[in-house]
Amino acid sequence: MSVLLAESLNINPDKAALAKQFDMTDVVNPKEVDDIVGHLVEITDGGFVGKHIAFHASHMRCFAKMEVRVESDPLIAELLGEFKDASGGLLPLLHAIQSRIGYIPETNIPAIAATVNRSAAEIHGVVSFYHDLKSAPQGRHTLQICRAESCQATGGRELEQLARDVLGVEFGETTPDGTLTLEAVYCLGNCACSPSVRIDDATYARVDAARLQALIDDIRRSSV
Amino acid sequence: MSTRYYVPRDTTALAVGAEAVAQAISDLGSSDAEIVRNGSRGAFWLEPLLEIESEGVRVGFGPVSASDVAGILAISASDYATHPCYLGPLETHDWFTGQHRLTFARAGLDDPLSMEGYIARRGFDGFKRAITLTPSEIVEEVTRSGLRGRGGAAFPAGIKWRTVLEAGHGQKYIVCNADEGDSGTFADRLLMEADPYQLIEGMLIAGLAVGADRGYIYLRSEYPKTQEIIRAAIARAESAGYLGDGICGTDMRFSIELRLGAGAYICGEETALLESLEGRRGMVRAKPPLPALKGLFSKPTVVNNVLTLAAVTTVMAEGAQTYAALGSGRSLGTLTLQLAGNVRRGGLIEVPYGVTLSQVLEEYAGGTRSGRPMRAVQVGGPLGSYLPEAQWDTPLDYEAFAGAGAMLGHGGVVVFDDSVDMAAQARFAFEFCALESCGKCTPCRAGSVRGAEIIDRIIARDVSGPSEEHFALLEDLCHTMEHGSLCAMGGLTPMPVRSAIKFFPEDFS
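Sequences listed follow chains A and B, in order. Each residue of the first sequence is one higher than the last, beginning at 55 in our numbering. Each residue of the second sequence is one higher than the last, beginning at 40 in our numbering.
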């Protein structure tokens, strides 16, 4: 099957050379062709694989008559179908991918972009905007320490320090054995019984140094 | 006669050990005992709270741990009062008797997902009345109640609804802002976990009033338990005929979709929230156009906080007059305060507007948990002012707080004892803004970073210039942020900073 990249379709001849470098099978200058869709159908045998980056939305529209395949992990492909028609469904889709494989693999961004009819740059922009969305694998467990004011008023700053010391990582990092990712969180809504920490989906209140140490020990034991 | 045990399944109750208490009762209780996993009443300082109901009398014990359960189960009802954790009927407990609960009247009484329980406690009364009125009459009722947005901005709900109602006849949306990001607040969470049908009812009324058939609840991802409960509540409301087509025998159609945030504080700002719902970065939009005219997917949209939508059910059930009879000045109805931080008796209270902060601190908070003197109280979340003792007699209403250079916001009250370093708190305000700014406005995006650096120089007593110059620069920066930012993130970050410098100057010298 033909392989195209955004640069495969360009009125700038310099970009055509660039596209060839990236293994594109065809390069077309839309200004030189009258019926661009008909031409593409012809040269690609009715379908193509978008490579590396998804085509811009305007390109996608012009390919409406063609079979466009963008490669994605089999695990993700099913989800893409599920969220295809949800209005504004990008965040639910990203949540679903992350809950299935733990992060949003960069290699799948073109497929996601094609599904929601947006550019790959936009998808990257969304993934990088939200603290919860990760572009790299995380630890098997996540420890969040609340750093917001209510917890600061009740010893939260000490917990922050203790977690970093005990785990030997900074916020946003994962322990070398892959057990635990340490994260800062700004309020768990548990402020009547501060300070709070969250481990995966369980929230713990009135945590002091000894309790935090015990919780970390528990995770380590269960992960051996 | 069987005995019924109530053990909350609320996030905070679970965070202090309610699951183990429920497990102990199930292990030790008699076979005909019924365990109800209710919501919390909001007296989080008493959690895990165990309530036992037998022969029509319901009494509480708290805080209890799993190891207390055997002892409590062993004593007979007539001797309950001898137990050290005994609280008596919670309705007569002094922490509750002074409160005026409307929105939280049902909180903690029953299993939050019990539709029968909700209806038995006047659930859907407001909606049933709304069905008999015209959209314009519903909006008029909400306007006359004086209800103002509970999310923080305090905009009159009726005026917002009127704008959406009059915005033509096409597709419209109801969006519930459940992205409760302010530190020290948990009222939205408690409402959704203890009384989720009330939110659904409020959204239904809003839908009727403005002619919308689709609602979204945008819930923050930090609330996994809330997510479970809301999801289940929506499903049950659908099967009970309160959501879907032909609601309650009318021709009304309304559906609600739960959407999860992804850890961005700024998405609590309504336009950023709409961007996020549309699947984009949570970047703040310039206003106008107002979301009421061009909101979600560019359609007229009501964006209201959880508590605002919930309060509408009371307004409709009790009438605008009854609601407006409470409160003071232009702040009508009841105020939900969340007592947090270094307090002995933390939790949620609902009182009429106009009581003073010091009353609340004395009567409800009961001093600091550390036992040290209170020094600063931050009201209204991370963008709220730090109030010194001299300001604690300010009445809790929007105008009085604005007059004191502070804000009520979403009603968070975070208490600090005398060990607090206010320079560190001021620095944190900038740090938080730098972390959570959407980046659209330069004063917020870059100013927050520069602000933290200036405070670092003040703290380090940098010799590059006299400290007055640092303070002048900081004030200049605050001024620029305040006036040069589209939303409250950049616009109000100066508030905690300025209050810390003004009222606690000794921490900066």
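For every residue, glycine included, the Cβ atom is placed at its ideal position computed from N, Cα and C. A quick note: this is a predicted structure, and the numbers were derived from the prediction, not measured.
Measure the alpha-carbon distance for A/L72 versus A/P164 and round it to whole angstroms. The sequence position of residue 72 of chain A within the first sequence is 18, counting from 1. The sequence position of residue 164 of chain A within the first sequence is 110, counting from 1. The straight-line gap from Cα to Cα measures roughly 19 angstroms.
Determine whether the Cβ of A/D262 lies closer than 7 angstroms to any Cβ atom of chain B. Sequence index remark: in the first sequence, residue 262 of chain A carries index 208 (1-based). So no, A/D262 is outside the interface.
Ordered along the chain, which non-local residues of its own chain (more than five positions away) have a Cβ less than 7 angstroms from that of B/F547? By one-based count along the second sequence, residue 547 of chain B stands at place 508. Here the set comprises A462, I497, I540.
Is it a yes or a no for the region 235 to 248 of chain A touching the region 377 to 397 of chain B, going by three-plus beta-carbon pairs under 8 angstroms? yes
Say whether chain B places a C-beta atom closer than 7 angstroms to the C-beta of A/N244. Start at 1 with the first residue of the first sequence, and residue 244 of chain A comes out as number 190. Cβ-Cβ to chain B under 7 angstroms: yes for A/N244.
Using the C-alpha atoms, what's the distance from A/H93 back to B/E267? Within the second sequence, numbered from 1, the residue matching residue 267 of chain B stands at position 228. Within the first sequence, numbered from 1, the residue matching residue 93 of chain A stands at position 39. Answer to the nearest angstrom: the Cα atoms are 52 angstroms apart.
Relative to the C-alpha of B/E309, which residue among B/V323, B/G300, B/A301, B/L299 is closest? Sequence index remark: in the second sequence, residue 309 of chain B carries index 270 (1-based). Residue B/V323 is the option with its Cα nearest to B/E309.
What is the DSSP secondary structure of B/E492, counted as helix, strand or coil? Counting from 1 along the second sequence, the entry for residue 492 of chain B is found at position 453. In this structure, B/E492 counts as helix in the three-state DSSP scheme.
Proximity to A/R260 [Cα-Cα], best of B/D234, B/T532, B/V382, B/E507: The residue you call residue 260 of chain A lines up with position 206 of the first sequence. Selected option, being the one with the closest Cα: B/V382.
Whole beta strand (DSSP E) elements within the region 437 to 465 of chain B, 3-residue minimum: 451 to 456
Completely contained alpha helix (DSSP H) runs for the region 203 to 259 of chain A, where each covers 4 or more residues: 203 to 206, 210 to 221
B/H139 (DSSP reduced to helix, strand or coil): What you label residue 139 of chain B is simply residue 100 of the second sequence in a count that begins at 1. Note: B/H139 maps to coil in three-state DSSP.
C-beta contact flag for B/Y425 and B/P535 at 7 angstroms: One-based indexing of the second sequence puts residue 425 of chain B at position 386. One-based indexing of the second sequence puts residue 535 of chain B at position 496. Yes; because the gap between Cβ atoms is below 7 angstroms, this pair is in contact.
Leaving out five residues before and five after B/E508 in sequence, what residues of the same chain have Cβ atoms less than 8 angstroms from its Cβ? On the second sequence, position 469 is the one that residue 508 of chain B refers to. None.
Comparing C-alpha positions only, which one of B/E86, B/I91, B/L85 sits nearest to B/A113? As a first step, residue 113 of chain B is located in the second sequence; it is residue number 74 there, counting from the start. Selected option, being the one with the closest Cα: B/I91.
Counting only beta-carbon atoms, is A/L269 nearer than 7 angstroms to chain B? Within the first sequence, numbered from 1, the residue matching residue 269 of chain A stands at position 215. Chain B, which has no Cβ nearer than 7 angstroms to the Cβ of A/L269, makes this no.
Which two residues bound the contiguous alpha helix (DSSP H) that contains B/C483? Counting from one through the second sequence, the residue named residue 483 of chain B turns up at place 444. Its alpha helix (DSSP H) spans residues 481 to 484.
Output the distance between the C-alpha atoms of B/P47 and B/G280, rounded to the nearest integer angstrom. The residue given as residue 47 of chain B occupies position 8 in the second sequence. The residue given as residue 280 of chain B occupies position 241 in the second sequence. Between B/P47 and B/G280, the C-alpha separation is close to 27 angstroms.
Beta-carbon gap between B/G553 and B/L516 smaller than 7 angstroms: Because residue 553 of chain B is not part of the residues shown, which for chain B are 40 to 548, the question remains open.
Check whether the Cβ atoms of B/Y255 and B/L316 sit closer than 7 angstroms, and answer yes or no. Within the second sequence, the letter at position 216 stands for residue 255 of chain B. Within the second sequence, the letter at position 277 stands for residue 316 of chain B. Contact flag set, yes.
Closer than 7 angstroms by C-beta to B/G300: which residues in its own chain qualify, once you throw out the five before and the five after it? Chain order, please. Counting from 1 along the second sequence, the entry for residue 300 of chain B is found at position 261. D218, Y257, L258, R259, S260, C306, S315.
Return the chain-ordered list of same chain residues with a C-beta closer than 7 angstroms to the C-beta of B/V178, the five sequence neighbours on each side being excluded. For this step, residue 178 of chain B is matched to residue 139 along the second sequence. Counting only Cβ-Cβ distances below 7 angstroms, and skipping sequence neighbours, we find G197, W200, R201, L204, A248.
Counting Cβ pairs, one atom from each stretch, are 3 or more of them under 8 angstroms apart for the region 107 to 122 of chain B and the region 134 to 151 of chain B? no
So, is the C-beta of A/D255 closer than 7 angstroms to a C-beta in chain B? Counting from 1 along the first sequence, the entry for residue 255 of chain A is found at position 201. Closer than 7 angstroms: yes.
In whole angstroms, what separates the C-alpha of B/A63 from that of B/T42? For the purposes of this step, residue 63 of chain B is taken as the residue at position 24 of the second sequence. For the purposes of this step, residue 42 of chain B is taken as the residue at position 3 of the second sequence. About 15 angstroms.
Look up A/N171 in the DSSP assignment and give the residues it is bridged to. Working through the first sequence from its first residue, we reach residue 171 of chain A at position 117. DSSP, once it has assigned bridges, lists no residue as partnering A/N171.
Spatially closest choice to A/Q215 from A/D186, A/E237, A/L133, by CA coordinates: Position 161 of the first sequence, counted from the first residue, corresponds to residue 215 of chain A. Per the Cα distances, A/E237.
Tell whether a beta-carbon distance below 7 angstroms holds between B/N77 and B/G156. Numbered from its first residue, the second sequence carries residue 77 of chain B at position 38. Numbered from its first residue, the second sequence carries residue 156 of chain B at position 117. Going by C-beta atoms, B/N77 is not nearer than 7 angstroms to B/G156.
Would you call the region 142 to 151 of chain A in contact with the region 169 to 185 of chain A, where contact means no fewer than 3 C-beta pairs closer than 8 angstroms? yes
In the DSSP output, what is A/V261 paired with across the bridge? On the first sequence, residue 261 of chain A is found 207 positions in, with the first residue counted as 1. In DSSP, A/V261 forms no bridge with anything.
Counting Cβ pairs closer than 8 angstroms, one from the region 345 to 364 of chain B and one from the region 321 to 335 of chain B, do we hit at least three? no
Between the Cα of B/Y304 and those of B/V399, B/M528, B/R408, B/E545, spot the shortest distance and give me the residue it belongs to. Residue 304 of chain B sits at position 265 when you count from the first residue of the second sequence. Cα-wise, what sits closest to B/Y304 is B/M528.
Below 7 angstroms on C-beta distance, what does B/E317 contact in chain A? Counting from one through the second sequence, the residue named residue 317 of chain B turns up at place 278. The answer, in chain order, is G142.
Over what stretch of residues does the alpha helix (DSSP H) that includes B/C517 continue unbroken? Stepping through the second sequence from its first residue, residue 517 of chain B is reached at position 478. Per DSSP, B/C517 belongs to the alpha helix (DSSP H) from 506 to 523.
How about A/L266: is its C-beta nearer than 7 angstroms to some C-beta of chain B? Working through the first sequence from its first residue, we reach residue 266 of chain A at position 212. For A/L266, the answer is no, since every Cβ of chain B falls outside 7 angstroms of its Cβ.
Going by CA-CA distance only, name the one from A/L197, A/C205, A/S126 that's closest to A/V223. Taking the first sequence and counting its residues from 1, the one referred to as residue 223 of chain A is at position 169. For the residues A/L197, A/C205, A/S126, the minimum Cα distance to A/V223 belongs to A/L197.
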